[in-house]
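Line by line, the protein sequences are chains A and B.
Residue numbers for the first sequence follow our numbering, so the first one is 411 and each next one is one higher.
Residue numbers for the second sequence follow our numbering, so the first one is 273 and each next one is one higher.
For glycine and all other residues, C-beta sits at the position ideal for the given N, C-alpha and C.
First comes the structure, then the notes that go with it.
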Amino acid sequence: MRRRPGYRELNVPNRAIPSVSSDSEIVRRSWDQPAIFAEVYDRHASTVYRYAARRVGSEAANDVLGETFLVAFERRTRYDQIHESALPWLLGIATILIRKHRGAEARFLRATAAAGPAETVVDDRDERLDAHRAVGELAATIRRMPARDRDALLLYAWADLDYEGVAHALGVPVGTIRSRLNRARRVLRQSAGDKPAEEVDRGRADVAPHGA
Amino acid sequence: MDELTLLRTVHDDIADPTPEVLDQGRRALVEHIGSQRSRARSHRGLKRTGLIGGGTIAAAAIVAALVVTNVVGLAGWRGGAEPAAAEALGDAAAAAIKTSDPAVGAGQYLKVSTQAVYSVEGDDGTGHGAAYLATQNGQMYVPADHNDEWVWVRDPSAVVQTFGAASERAAATAEQGASNAPEIVRAAKGAWYNGKPTEWDFASLPRDPQQLLNYIYRVTAGSGVSVDGEALVFIADTLRTGVVPADLRAALYRAAAGIPGVTITDRTATLDGHTGIAFGRDEGNGVRQEIIIDPSTGLLIGERQILLRNGVLPGVDAGESMGWTAVTTTVVNSAPTGGSLCGTGSRPVGGAGSGQCQG
């Protein structure tokens, strides 16, 4: 069942007021009524910005935010309607665009390594020094990681997507994501000096092919 | 602290985007959408009609290309509604000004009752398209203080009209398993379904008809079939909220009188038992948007869309209405109890105001 393209939500005089539709419904309706697409922006712009700003800093994030939605609008007819939330799709587009800002990302991570953790994380002085070192190593390791592992890791840890969400964002099977995340986490642990043997996702077979 | 927990603390102090950053991104998107639309439309239009000055095609391009203000815009210099329609709209505006708005006292609610019918397109089970009409009625209780809790009773949808056997089958299929209990949504500030507050920013809209119409052209640029058609749709959408103050209602009627192509389409149009004058505009796409006004009080009776060609909806003939809304407002002392922010069977997720419910 679908409503006529001409159908308009009731009680929505101000077009900025979100209707009760799912993202996928709005994207579908935007085929005929492009202006509706602005609602996708209203719902997700802040999240996309925060993810981008965490990776490349606020200045480059402004560009990534703007470009993400222009690209998404152009690709709206190719959006897979199976996914109710458009957020993984948008974060996937943002991730590709972030690759154009690799320089900014590397600079931001170097600055992080130098500055250490945010004040609120630890108050004890010794712990603080440890944490400072640990964050520095973490930032350096992330910077040296292959882009595909870094993308999967940061979509998972910073954009709060689950495995399926990361898979949707990057357009690869869930098994591949599991493999990339395991590898990324192993590398992080090794760089922190922990024993590499212990996998955190115990009992989960790594089904992805090598090199995934 | 394991590596993931530590990683999650990194850059966690990143600031939210400022309103300026969000506005900038949104403006870029809306402009982009607008430019795409006007280009596509110009190409189509030029092929069909040749180059015509002053038509809606040129107007669409102008709206998208220029940053118009409320003072300098599309209104005024391209003519206006047909003289008889302009005169009747002027009379309705004069009557609207004289009709006082219902006063909502402290603790009271403005009850906006909406009888709405819309068309649903589906499949009759044998792969053939079919359409039928169904209701979407509701009563919204708007508190005197908009910061208080609003209540919205949404009646279950019911089939009101079918068009032949295929249409009946499609309607029967669709109604299987449909809920038959009303849904009650309650939300402070009218932030329905964990969304953003309902804000009717009527105070900031210009009361000068020409400035108001320019404003409407500006905010609707890029939507709809034509700039003039979409302006009339905006006016219908705004009026059908049922909460437009009398002075703005009058200004909206006068703005409608400034839209080229608006005519009186029916002097005795009846909607939900009330008769008034219907004003409409033929969009050339087989659908005419109309607003229906009671000429004696200047009150809006409702709005409707009339089909002008056979088959715009599968199996439905010209002359039928493909949807309508009738609105009445009253002041009441109490609102129904029960219900929740996300209505029946859902709960808010993703934080307050995320626009998301799940269940």
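Are there 16 or more other CB atoms within 10 angstroms of the CB of B/L613, so buried, or fewer, so exposed?
Within 10 angstroms of the beta-carbon of B/L613 lie 16 or more other beta-carbons, which makes it buried.
If you compare alpha carbons, which of B/V423, B/A416, B/V392 is closest to B/Q408?
B/V392
Along the segment 489 to 522 of chain A, where does the CB come closer than 7 Å to a CB of chain B? Name the residues.
T522
From B/F551 to B/L477, what distance separates their C-alpha atoms?
22 Å
Examine chain C for any beta-carbon lying closer than 8 Å to the beta-carbon of A/G546, and answer yes or no.
In the structure shown, chain C cannot be found, because the protein chains are A and B.
Based on the DSSP secondary-structure assignment, which residues constitute the bridge partners of B/L543?
B/H546
Would B/I279 and A/L591 be called neighbours here (beta carbons separated by less than 8 Å)?
Residue identity check: residue 279 of chain B is Leu in the sequence provided, not Ile. Not closer than 8 Å, so no.
Local conformation of B/I456 per DSSP, three classes:
Residue state, collapsed to three classes: strand.
Identity of the residues DSSP links to B/K383 by a beta bridge:
B/Y413, B/T602
In three-state DSSP terms, what is A/T386?
Residue 386 of chain A lies beyond the residue range present for chain A, which begins at 411 and ends at 622; the question has no answer from this structure.
Which word fits B/R539, buried or exposed, when buried means at least 16 other C-beta atoms lie within 10 angstroms of its C-beta?
exposed
Tell me whether A/D572 is buried or exposed, calling it buried when 16 or more other Cβ atoms sit within 10 Å of its Cβ.
exposed
Contact under 8 Å by Cβ, B/G558 with B/R581:
yes
Can a CB atom of chain A be found closer than 8 Å to the CB of B/I305?
With a threshold of 8 Å between beta carbons, B/I305 makes contact with chain A.
Applying a beta-carbon distance threshold of less than 7 Å, which residues of chain B neighbour A/Y573?
Going along chain B, no residue has its Cβ under 7 Å from A/Y573, so there is no contact; the nearest lies around 13 Å.
Quick one: which chain B residues come within Cβ less than 8 Å of A/G581?
By Cβ distance, chain B contributes nothing, its closest Cβ being about 23 Å from A/G581, past 8 Å.
Mapping DSSP to helix, strand and coil, what is B/V425?
Reduced to three states, the DSSP call for B/V425 is strand.
Is B/Y525 close to the ligand MG? I mean its beta-carbon at under 7 Å from any heavy atom of the ligand.
As far as ligands go, the structure on display features none, and thus does not contain the ligand MG.
Along chain A, in chain order, which residues have C-beta atoms closer than 8 Å to that of B/R280?
A567, W568
By a C-beta neighbour count over all protein chains shown, 10 Å radius and 16 as the cutoff for buried, is B/V621 buried or exposed?
Exposure of B/V621 is indicated by the presence of fewer than 16 other C-beta atoms within 10 angstroms of its C-beta.
Evaluate B/E562 with the Cβ neighbour count: other Cβ atoms within 10 Å of its Cβ, from every protein chain shown; 16 or more gives buried, anything less gives exposed.
buried
In whole angstroms, what is the alpha-carbon distance linking B/S439 and B/R576?
21 Å
With 7 Å as the C-beta to C-beta threshold (strictly closer), list the residues of the segment 435 to 456 of chain A near chain B in chain order.
Q443, P444, A445, F447, A448, Y451, R453, A455, S456
Under 9 Å between beta-carbons, which chain A residues line up against B/A608? List them in chain order, please.
In the sequence as displayed, the identity of residue 608 of chain B is Pro instead of Ala. By Cβ distance, chain A contributes nothing, its closest Cβ being about 17 Å from B/P608, past 9 Å.
Taking 8 Å as the threshold, find out whether the segment 557 to 566 of chain A comes into contact with the segment 468 to 486 of chain A through three or more Cβ pairs.
no
Rounded to whole angstroms, what's the CA-CA distance from B/A652 to B/V603? Just pull it up for me.
It is not possible to answer for residue 652 of chain B, since the shown part of chain B is limited to 273 through 631.
Beta-carbon contacts of B/A416 that lie in its chain and below 6 Å, excluding the five residues immediately before and after
V376, A378, Q380
Residues of chain A with CB under 9 Å from B/A528, in chain order?
None at all; the shortest Cβ gap to chain A is about 15 Å.
If you draw a straight line from the alpha carbon of A/R554 to that of B/T277, how long is it in whole angstroms?
20 Å
With distances taken between CB atoms, is the gap from B/T597 to B/R560 smaller than 8 Å?
no
Among the residues of its own chain, which have a CB less than 8 Å from the CB of A/V450, if the five just before and after it don't count?
Taken in chain order, the residues that qualify are D433, I436, V437, S440, F479, A482, A496, L500.
Is the CB-CB distance between B/Y525 and B/A368 below 8 Å?
yes
Host alpha helix (DSSP H) of B/T277 (start-end):
Per DSSP, B/T277 belongs to the alpha helix (DSSP H) from 275 to 281.
Same chain, Cβ closer than 6 Å to A/A569, five either side skipped, listed in chain order
Y461, L501
What separation, rounded to the nearest whole angstrom, lies between the Cα atoms of B/E292 and A/H454?
Approximately 16 Å between the Cα atoms of the pair.
With 16 other Cβ atoms within 10 Å as the buried cut-off, status of B/P289
buried
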